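Here the structure comes first, spelled out in structure tokens, and everything after it is commentary.
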Amino acid sequence: MITVYTGNDESSRSAVSWFLWQNIEIKVCPKGKMTDETIQSICKEFPFMIDKMFSKRSRFFKDLAPFFEQCTFEEKVELLIKERRLLRTPIIHTKKKLLIGFNEEQIRMFIPRKQRKVRYAQLYQEDVIEYLNKKKVFVRK
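Those letters in the sequence shown? Residues 134 to 274, per our numbering, in order.
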């Protein structure tokens, strides 16, 4: 199951609407409802993503910026747990995948492989037909 932790921002709304448009089932949770255990487990599963989880444009982060690079992994996790407003949204999470923020290219990783293959085959077929029609080799009726 794909879980989307959202904030009250355009990126979160875009992510949720993208999943609805793709007919992919998701569970939407506000970031304020994230449990401490959830934050800890995400950070432990994806330790290389911890720096991306921080909303670097927030005022609170700007106060921390001079000290941020010296913080240990555990201190960063504790900071995210104590100050949820530092979390960047949306956080899109499954057991094996994590995406922080909305990026239309990267979010495609959540489309099931079968569905992706069918869509790529359709696009390829449309491109071939369009090419042949331009070359006047084949006219589609």
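The beta carbon of each residue, even a glycine, is placed where N, CA and C say it ideally should be. As the structure is a computational prediction, the values presented were derived from the model and not from experiment.
Outcome for residue i when other beta-carbon atoms lying within 10 angstroms are tallied against a minimum of 16
i      : result
Ile240 : buried
Ile262 : exposed
Val137 : buried
Met167 : buried
Phe152 : buried
Ala148 : buried
Beta carbon of residue i nearer than 9 Å to that of residue j
i      : j      : result
His226 : Ile157 : no
Lys209 : Asp184 : yes
Ile159 : Met134 : yes
Proximal residues to residue i (C-beta, below 7 Å), its chain only, five neighbours per side dropped
i      : result
Leu220 : Lys164, Met186, Ser188 and Leu213
Lys228 : none
Residue i, DSSP secondary structure in three states
i      : result
Lys189 : coil
Cys204 : coil
Through-space distance from residue j to residue i, alpha-carbon basis
i      : j      : result
Phe181 : Leu231 : 11 Å
Arg217 : Gln258 : 47 Å
Glu143 : Ser150 : 10 Å
Lys177 : Pro223 : 18 Å
Arg146 : Thr139 : 8 Å
Lys195 : Leu265 : 56 Å
Arg249 : Lys267 : 27 Å
Neighbourhood of residue i by C-beta distance below 8 Å, restricted to the same chain and skipping five residues each side
i      : result
Met242 : Lys230 and Leu232
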